[in-house]
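Q: Residue numbers (our numbering), protein chains in the order written: chain A, 1 to 724; chain B, 725 to 1448.
Even glycine gets a Cβ: it sits at the ideal position worked out from N, Cα and C.
Protein chains: 2
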Amino acid sequence: MADFTQGSFTLPGEAGYEDLTLRMAKKWGADVIRDSDGTKLSDEITSAGYGIYSTICIIRADNAWAKNNMDKLQQNFLMSIPVVAESDTVVIPLMQGYFKEQFVVNKKDDPKEFWQVFDRTTGEEVGLDQWSFDPETETVTVTDVTPWHKYTVNFLAVRIWEEISMYNHITNDWGNKEHLMATEPRYPETQENMIRWLKDWCEKNPDTTVVRFTSMFYNFAWFWGDDLKNRSLFSDWGSYAMTANPLALREFEKEKGYKMTSEDFVNGGEYTSTHNVPSKKYREWMDFINRFVVEFGKKLIDLVHSYGKKAYVFYDDSWIGVEPYGKRFKEFGFDGIIKCVFNGFEARLGGGVEGVEAHELRFHPYLFPTGLTGEPTFAPGGNPKLDASKYWVNVRRALLRKPVDRIGLGGYLHLVEPFPDFCDYIEEVANEFRLLKSFNASAEPYTVDGKVVVLTAWGSLRSWICSGHLHEHPEVDLTNILESLSGLPLDVAFMSFDDVLEHGIPADTKVIINAGWQGSAWSGGDYWKNADLIAKLTQFVAEGGGFIGVNEPTAAAANGTYFQLSHVLGVDRDLGSKKCIGKYQYRVEESSFVTEDTKNIGDSMKVVEGVYVLNKDVKVLAEKEGTPVITMNTFGKGCAMYLSSFRFSLESTRFLMRAICQVSQNTKAMDLYICDNLNTECAYYPAIDKLVVINNTGDEQKAVIETEKGKVEVTLKPFATHIQ
Amino acid sequence: MADFTQGSFTLPGEAGYEDLTLRMAKKWGADVIRDSDGTKLSDEITSAGYGIYSTICIIRADNAWAKNNMDKLQQNFLMSIPVVAESDTVVIPLMQGYFKEQFVVNKKDDPKEFWQVFDRTTGEEVGLDQWSFDPETETVTVTDVTPWHKYTVNFLAVRIWEEISMYNHITNDWGNKEHLMATEPRYPETQENMIRWLKDWCEKNPDTTVVRFTSMFYNFAWFWGDDLKNRSLFSDWGSYAMTANPLALREFEKEKGYKMTSEDFVNGGEYTSTHNVPSKKYREWMDFINRFVVEFGKKLIDLVHSYGKKAYVFYDDSWIGVEPYGKRFKEFGFDGIIKCVFNGFEARLGGGVEGVEAHELRFHPYLFPTGLTGEPTFAPGGNPKLDASKYWVNVRRALLRKPVDRIGLGGYLHLVEPFPDFCDYIEEVANEFRLLKSFNASAEPYTVDGKVVVLTAWGSLRSWICSGHLHEHPEVDLTNILESLSGLPLDVAFMSFDDVLEHGIPADTKVIINAGWQGSAWSGGDYWKNADLIAKLTQFVAEGGGFIGVNEPTAAAANGTYFQLSHVLGVDRDLGSKKCIGKYQYRVEESSFVTEDTKNIGDSMKVVEGVYVLNKDVKVLAEKEGTPVITMNTFGKGCAMYLSSFRFSLESTRFLMRAICQVSQNTKAMDLYICDNLNTECAYYPAIDKLVVINNTGDEQKAVIETEKGKVEVTLKPFATHIQ
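What follows is the structure in structure tokens.
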């Protein structure tokens, strides 16, 4: 039998704690030791025979250079707070409300080239000759305005504190430690310095085997406010807001023949959130930035390779422009990708990237005193073992469906010392990971036939992710759905509305899921005013396809309906304009295939007020507060279900599996390699005839599984994995 | 002292129950006896020396004529159910889902002149040459359609059962009793017959002193379905849907030079609901119908007058086109108006009509075995005395503010016999009404200075009413607000957005209330995309005005905000597009002037999800489920409040009074002629120095009232009225 106690594990080492580092490396079977933001490795560690990952964040790596080149820092557009005019002149303070340690007004470039002033009452831009900027007071004065209208300025701000560094600094009370700045790599001088710096770094770090880029150049959007009661003014894991700067804007215009305006980024103060349907222009900007990031990024990776080192990329933080699911990602030449994970969908996100050899997951908890929301982890009151076991349960089921190559931790290793139970548990997890990896390495798990397609405005570019972690926006239905799907025996694909419009719906599609609030990239917003899209989906279901709509699926108020596939779903939503239109008085079905294992699943759902059934043929499987929350409708040869919301749980995961079987009219799929007990799940690897059964709870569980060779009965200890 | 035991009371008499009729007439102090739908008066009653009201419903009065003139019945447009095309041809059954006893397809007039076929997937009309109607199968076949789009037909239907008659017939199981039909008065032949019939009627009914029209010609919209689970397909108390017919449509086009299309009525299946913002075209149609109703109605009234009889109009049922708050109402020459009332706002609605001498309220319960929702009233299990006392409490407070001249009952008198406590109670109520009327007749009640203006799309045309009764749509915030306002010591006015745009805000306006869901006539819908409107309201508050916004006030998603007066209110609503935009973390105020008497009023409010405060200056007076439900903001010299909902109660009424005093910065108004105990209210008549204190509950209450002459302390029995 193979040795499952060693390898595929990255340990965060820490200078000054050499003994501990080497002891834990042995205990956890690490083959690689890494540094982290705020820690260093000593010679004793780097020369101990382990592979060495070194994290570098190239944009903030050379702060001395940054200080001398403050005109080459990264920038972005900000919108000033709206000011109501009380006469025909209005004075607008630009920086009011913004965190002065993060932003300064760009006073170098001509405001008239990039800034815009808007009458936000009419939505019209104010003429360039009507306003002037006073650099002294940092105000814009607008003349000939309409009294009692409100006005804002879109202006360029220079960022003087790199956000991840800023967050870590403030979270860990780093006091007087230098503020690191993010340099803008589009300037030739910056590129030259980055190459020089990286070369120098490679030469000075001969023990490093893997350079871990954290990540490339542009962080996800994170605008801070100066009021502690509203610190995070704009925060979006997938937004390109922080890629705008004069040079890029000019180059874009030169290349495309048209301009990105400040308003394309500011968008009336809503900025460019991943949750919103992207404009065509914004998608082109993303593509423009992605091309640059790949082109210049490749130079850095080539340089790393020239020193005989590997280059990995961290799929977080400054990942904007990297786009691991984009068409150019493989061109970087990265050897590996590292995803930090709290949940199963993130394991799939990391594991599903093509064009790299190694997929690594950085587990949680991060070795910091506190977690992301300030709760104690490696500090008095914390229970890191419990945290780790919950995260492992989240992730394990996803790893049964799609393997990764490595796992690891990050942070300050010395913090684990007072938590020996945590140290023991990580040893267990690492061994179990290696065992499971060995199955997956040689075999595909059994999967129900046919594709389950998640249909959004982003499609495959945002495979397995909406924007950020589940705990950041737990109310995003699609993130919850992805979490359930991440461990189910299904073939999941991601498709955009543009894909459907251009190429139609692939023949192997069995079920389409559309889940989100009206106007979101997940539901589709104005895409649902496109008659071709509606017709294609209508035909898909009429001809036998399955459709699951969640929250406000296919929603766009037009032509007397709100859900544009209301005829397919059998339900619509009335926001008030149909107050006087009669609503069918349904009765709730007593039982159904879909809710067989989770009779009360409807109680856990959030009501979407105003949802009503269209006619007597629609089956209501559950209602709440007098409103249907789960419905089913036969449409032509196909079947559609409506769910008012979706929140991840073991129950909802089972319910979703049944719903997918129901709408794809493949209910018998529930009779093979599915645990009877929804607290447990299993994966079967036909090629090696291995069945893995997992207990997703902290209690002992029994499970019966129908297999092709008959029933298998298993009893599982809390959180246990059973293999036969 | 005057006699308060006689007069101003209309009793429903009933042939066959002559003794009872005359006994109750004496007990209740009736001066007038009336008939009702389904009852007749005998000679013994009509000759007993009472005034005699006779109800006539002129459109259904001569059913024999109607049967012989089926081409002159009333009509309306219906939309067929949407049918999804599966090929390039689609066949649409017109009548599917409609109640066949109410509607038949108009097969007489050329469908191509009036009907329209729509592709409801694109919203485009299908060319006239692409469809044909088969009168045999009552289907429309549409050719050259786009497969998988859905199609509907707007068609003219003739109504063969007058709706009130239909409702009463079905509710009271009238079995084989003839179905009455509504004739269309626009045809000269119909007019001729109506005049002939009315003349004949007047001659045959010499004892009748008052002809009570029920009402004029067009009922409020009421489309029935054939499925008992969805009977009321469209029901709107203020809609002109049932005024459309070929003759009217042609006359309108001739007069205006442009056409009302079927779609102007059908509106994608939403029809023309009073709750929705009316289009300019629809308002013109209303005006066109109103002019006709007044012109021809006046001829009938003149005829009644020529017989020495008075003419009253019932402000319900077939009231469409009558418009008692319209500019032409006084031209009818009516002598009186009768409003049926459940609530205080309806008492104000009836009492506030100008241009008639007599205002009468028809009280509830109606003398029917069951109430409007089928619950027993004058039947086993019913408690009509309790019903009557609740209604009286609702209405009494409104009568203290604005008097009416008469009250009465309706229905089958014999049903009261088994309920002597009801009979005694009505005697009490009638006496109390006469006493209160005597005060009001000679004096105005004390009222807080300055106007409280309700701002809607309808303005004064829909003074004191949204659409229908409170119990029909108890979730309409504005109806609830009107109910509270109906008994408060305030000078209430109604203003439309067009009024504001054309004439500005009158100088005596202290507070403006805007209350409703986005898109509704009450909130304003696209009116809030008008920058002038926003500016005028902004200026009003900035210069010292008060503003109260409820639910989704000033809502129209535009220019980065949802509430267009968010800068005034200090709150806005995020429907998801600002998911990644930071929201200010407010704290809830511990106490406030506004919530002083109703600390927990926030608990009774409905959360409007996504409402957030804009900045630190906004005061949150209450939150629920983590969302602000009552907020206050100082804007310039003025003040604005946001309430997430409003439901009438004694508590919410007090809260509203305080909110109005707060935003108008007149908090000291609470210190004069306001009961300290919110279960009681009072009215003071300075001219006659009378103070009336009422107990709005079924429990004994104590009240202290600050008056100009000092404190008054009163103890009130359940439901009692105290006068000093």
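Taking just the CA atoms, how far does Thr208 of chain A sit from Ser436 of chain A?
A: Numbered from its first residue, the first sequence carries residue 436 of chain A at position 436. Numbered from its first residue, the first sequence carries residue 208 of chain A at position 208. Checking the sequence shown, residue 436 of chain A turns out to be Leu, not Ser. Using only the alpha carbons, I get a separation of about 29 Å.
Q: With 9 Å as the threshold, decide whether the Cβ of His364 of chain A is near any Cβ in chain B.
A: The count along the first sequence starts at 1 and reaches residue 364 of chain A at position 364. With 9 Å as the cut-off, His364 of chain A does not count as an interface residue toward chain B.
Q: For Thr509 of chain A, collect the residues of the same chain with a Cβ closer than 6 Å to its Cβ; drop the 5 residues on either side in sequence, then sort them by chain order.
A: For the purposes of this step, residue 509 of chain A is taken as the residue at position 509 of the first sequence. Excluding residues within five positions, the ones whose Cβ falls inside 6 Å are Lys451, Val453.
Q: According to the neighbour-count rule (16 or more other Cβ atoms, all chains shown, within 10 Å of its Cβ), is Asn1238 of chain B buried or exposed?
A: Here residue 1238 of chain B refers to the residue found at position 514 of the second sequence. Buried, because 16 or more other Cβ atoms sit within 10 Å of the Cβ of Asn1238 of chain B.
Q: Checking contacts by CB at 9 Å: is Trp161 of chain A closer than that to chain B?
A: Here residue 161 of chain A refers to the residue found at position 161 of the first sequence. No, Trp161 of chain A lies away from the interface with chain B (no Cβ there is under 9 Å from its Cβ).
Q: Taking the alpha-carbon of Asn633 of chain A as reference, which of A:Leu614, A:Ser649, A:Gly626, A:Thr627 has the nearest alpha-carbon?
A: Walking along the first sequence from the start, residue 633 of chain A turns up at place 633. It is A:Leu614.
Q: Check whether the Cβ atoms of Phe728 of chain B and Arg1158 of chain B sit closer than 9 Å, and answer yes or no.
A: As a first step, residue 728 of chain B must be located in the second sequence, where it is residue number 4. As a first step, residue 1158 of chain B must be located in the second sequence, where it is residue number 434. Yes, Cβ-Cβ distance for Phe728 of chain B and Arg1158 of chain B is below 9 Å.
Q: Taking 8 Å as the limit between beta carbons, can you name the residues of its chain near Lys709 of chain A, skipping five residues before and five after?
A: Here residue 709 of chain A refers to the residue found at position 709 of the first sequence. Contacts found: none.
Q: Indicate the three-state DSSP secondary structure (helix, strand or coil) for His414 of chain A in the structure shown.
A: Along the first sequence, read from residue 1 onward, the residue named residue 414 of chain A stands at position 414. The answer is helix: DSSP assigns His414 of chain A an H, G or I state.
Q: If you run the structure through DSSP and keep just helix, strand and coil, what is Ile481 of chain A?
A: By 1-based counting over the first sequence, the position of residue 481 of chain A is 481. If DSSP states are grouped into helix, strand and coil, Ile481 of chain A belongs with the helices.
Q: What residue range does the beta strand (DSSP E) around Met1394 of chain B cover?
A: Here residue 1394 of chain B corresponds to residue number 670 of the second sequence, with the count starting at 1. Run containing Met1394 of chain B: none; DSSP gives neither H nor E here.
Q: Comparing the C-beta of Ile1305 of chain B with each C-beta of chain A, is any distance below 9 Å?
A: Taking the second sequence and counting its residues from 1, the one referred to as residue 1305 of chain B is at position 581. Judged by the 9 Å Cβ criterion, Ile1305 of chain B is in contact with chain A.
Q: For a contact meaning CB atoms closer than 8 Å, what does His1227 of chain B contact in chain A?
A: Translated into the one-based positions of the second sequence, residue 1227 of chain B becomes position 503. Result: empty, since nearest Cβ-Cβ is about 17 Å, beyond 8 Å.
Q: Which stretch, first to last residue, makes up the beta strand (DSSP E) that contains Ala622 of chain A?
A: By one-based count along the first sequence, residue 622 of chain A stands at place 622. Its beta strand (DSSP E) spans residues 619-624.
Q: Check the C-beta distance from Val1071 of chain B over to Pro1089 of chain B and give it rounded, since I have them as a contact under 8 Å.
A: If you number the second sequence from 1, residue 1071 of chain B lands on position 347. If you number the second sequence from 1, residue 1089 of chain B lands on position 365. Residue identity check: residue 1071 of chain B is Ala in the sequence provided, not Val. Not quite, the Cβ-Cβ distance comes to about 16 Å (not below 8 Å), so this is no contact.
Q: In chain B, what lies closer than 8 Å to Pro82 of chain A by C-beta?
A: Looking up residue 82 of chain A in the first sequence gives position 82. The contacting residues are His1291.
Q: Where do the N-terminal and C-terminal ends of the beta strand (DSSP E) with Tyr1036 of chain B fall, by residue?
A: Residue mapping note: residue 1036 of chain B aligns to position 312 of the second sequence, counting from 1. Looking at the DSSP string, the run of the beta strand (DSSP E) that includes Tyr1036 of chain B is 1034-1038.
Q: Where does Gln585 of chain A land, buried or exposed, given buried means 16+ other C-beta within 10 angstroms?
A: As a first step, residue 585 of chain A must be located in the first sequence, where it is residue number 585. By the 10 Å Cβ count, Gln585 of chain A comes out exposed.
Q: Helix, strand or coil, according to DSSP, for Gly51 of chain A in the structure here?
A: Residue 51 of chain A sits at position 51 when you count from the first residue of the first sequence. Correct three-state label for Gly51 of chain A: strand.
Q: If we define contact as Cβ-Cβ less than 9 Å, is Ser318 of chain A a contact residue for chain B?
A: Against the first sequence, residue 318 of chain A aligns to sequence position 318. It does not; no Cβ of chain B falls within 9 Å.
Q: DSSP on Met725 of chain B, reduced to helix/strand/coil?
A: What you label residue 725 of chain B is simply residue 1 of the second sequence in a count that begins at 1. The pLDDT assigned to Met725 of chain B is 48, lower than 50, so where the model puts this residue is not dependable; a value taken from the coordinates is nonetheless given after this. Coil, per DSSP.
Q: In terms of DSSP beta bridges, what is Asp960 of chain B paired with?
A: To locate residue 960 of chain B, count along the second sequence from 1; it is residue 236. Paired residue(s): B:Ala945.
Q: Whole beta strand (DSSP E) runs in the region 1281-1317 of chain B with 3 or more residues, listed along the chain?
A: 1285-1287, 1295-1297
Q: Quick check on Arg844 of chain B - is its C-beta less than 9 Å from some C-beta in chain A?
A: On the second sequence, position 120 is the one that residue 844 of chain B refers to. Closer than 9 Å: yes.
Q: Could you tell me the boundaries of the beta strand (DSSP E) in which Glu1437 of chain B lies?
A: Taking the second sequence and counting its residues from 1, one reaches residue 1437 of chain B at position 713. That run of the beta strand (DSSP E) goes 1434-1440.
Q: What does Asn230 of chain A touch in chain B if you count any residue whose Cβ is under 9 Å from its own?
A: Against the first sequence, residue 230 of chain A aligns to sequence position 230. Proximity of chain B to Asn230 of chain A at the Cβ level (cut-off 9 Å) is accounted for by Gly1306, Lys1307, Tyr1308, Gln1309, Asn1339, Lys1340, in chain order.
Q: For the candidate residues B:Ile1258, B:Met1329, B:Thr1431, B:Tyr1408, whose alpha-carbon lies nearest to that of Thr121 of chain A?
A: Within the first sequence, residue 121 of chain A is the residue found at index 121, counting from 1. For the residues B:Ile1258, B:Met1329, B:Thr1431, B:Tyr1408, the minimum Cα distance to Thr121 of chain A belongs to B:Ile1258.
Q: For the region 502-565 of chain A, list the beta strand (DSSP E) runs that are entirely contained and at least 3 residues long, ordered along the chain.
A: For the beta strand (DSSP E) assignment, the uninterrupted runs of no fewer than 3 residues enclosed by the region 502-565 of chain A are, from N- to C-terminal side, 509-516, 546-551, 555-558, 561-563.
Q: To the nearest angstrom, report how far apart Pro403 of chain A and Lys40 of chain A are at their CA atoms.
A: Taking the first sequence and counting its residues from 1, the one referred to as residue 403 of chain A is at position 403. Taking the first sequence and counting its residues from 1, the one referred to as residue 40 of chain A is at position 40. Roughly 30 Å separates the two Cα atoms.
Q: Say whether chain B places a C-beta atom closer than 9 Å to the C-beta of Trp148 of chain A.
A: Locating residue 148 of chain A in the first sequence gives position 148, counting from the first residue. Answer yes: the Cβ-Cβ gap between Trp148 of chain A and chain B drops below 9 Å somewhere.
Q: Closest to Lys298 of chain A by C-alpha separation, out of A:Ser644, A:Phe217, A:Glu125, would be which residue?
A: If you number the first sequence from 1, residue 298 of chain A lands on position 298. Ranking the options by Cα distance to Lys298 of chain A, first place goes to A:Phe217.
Q: Taking the Cβ atom as the reference point for each residue, do Ser42 of chain A and Leu367 of chain A lie within a distance shorter than 9 Å?
A: Here residue 42 of chain A refers to the residue found at position 42 of the first sequence. Here residue 367 of chain A refers to the residue found at position 367 of the first sequence. Not in contact: Ser42 of chain A and Leu367 of chain A (Cβ atoms no closer than 9 Å).
Q: Are three or more beta carbon pairs between the region 992-1010 of chain B and the region 1021-1040 of chain B nearer than 8 Å?
A: no
Q: Identify, in the order they occur along the chain, each residue of the same chain with its Cβ nearer than 7 Å to the Cβ of Gly610 of chain A, setting aside the five sequence neighbours on each side.
A: Reading the first sequence from its first residue, position 610 is the one you call residue 610 of chain A. Cβ neighbours of Gly610 of chain A beyond the five flanking positions: Arg573, Asp574, Leu575.
Q: Identify whether Leu735 of chain B lies in helix, strand or coil by the three-state DSSP scheme.
A: Walking along the second sequence from the start, residue 735 of chain B turns up at place 11. Of the three classes helix, strand and coil, the one that applies to Leu735 of chain B here is strand, per DSSP.
Q: Could you have a look at Gln854 of chain B and say whether DSSP puts it in helix, strand or coil?
A: Here the question's residue 854 of chain B lines up with position 130 in the second sequence. In this structure, Gln854 of chain B counts as helix in the three-state DSSP scheme.
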